[in-house]
Amino acid sequence: MLKRLLFCASTLLVSQFSLADECSTTIESNDAMQYNKSELVIPATCEDFTVTLKHTGNLPKQAMGHNWVMTKEADAQPVATAGISAGMENNYVKPDDERVIAATDIIGGGESTSTTFSVKGLNKSDAYLFFCSFPGHIGIMKGTVTFKS
Ligand code: CO
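All residue numbers for the sequence shown refer to our numbering, where the first residue is 3 and numbers rise by one.
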């Protein structure tokens, strides 16, 4: 019985690890307006990719809110600027903004959220960025997204 339980548990662990390795990642953010990563590498074999964003701080989202938005590099600043006008009620992302490839909700301290998006149709040689669209955060909270085969 115990052996059987252990076997099940290890099978579960292995399948979770391979999922995590392949086509998903976790990025942390904090009260100091930082992500814990400045680059994300997506395997070119992934059809979809999932980003989980955690806020490890304590401040409420009105004061130190974070999200995770991905666009082409050239679209990042314009999308962030449009997001400021869209306001907190739209998670600082303009509704139906076609330049946005992926975006999570804005979260505050202790919260987490995630987004799953298709990477199949993306041009793997284009330059992409991820950033936080909370007003004033893109200057520090940003990183590169690249694809590896
Ligand atoms: Co932020």
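Even glycine gets a Cβ: it sits at the ideal position worked out from N, Cα and C.
Using three-state DSSP, classify residue i as helix, strand or coil.
i    : result
G85  : helix
M143 : coil
M72  : strand
K96  : coil
P62  : coil
A78  : helix
E113 : coil
E41  : strand
E49  : coil
Any heavy atom of the ligand CO within a distance shorter than 6 Å of the CB on residue i?
i    : result
H57  : no
M143 : yes
F51  : no
F136 : yes
Run the CB neighbour count on residue i, radius 10 Å, all protein chains shown included, and call it buried at 16 or more, exposed below.
i    : result
K126 : exposed
K150 : exposed
K96  : buried
G85  : buried
T73  : buried
So residue i packs on residue j, CB below 8 Å; how close in whole Å?
i    : j    : result
S114 : T27  : In fact, because the Cβ distance is near 13 Å, the residues do not count as touching under 8 Å.
I103 : H68  : Going by Cβ atoms, the distance from I103 to H68 rounds to 18 Å, so no, they are not a contact pair.
G111 : L42  : Not a contact, Cβ separation roughly 23 Å.
A82  : S135 : 5 Å
Is residue i near the ligand ZN, in the sense that its beta carbon is under 6 Å from a heavy atom of that ligand?
i   : result
A76 : As far as ligands go, the structure on display features the ligand CO and does not contain the ligand ZN.
Requested in this report: Examine the Cβ distances between the region 90-98 and the region 42-60 and report whether three or more of them are shorter than 8 Å.
Outcome: no
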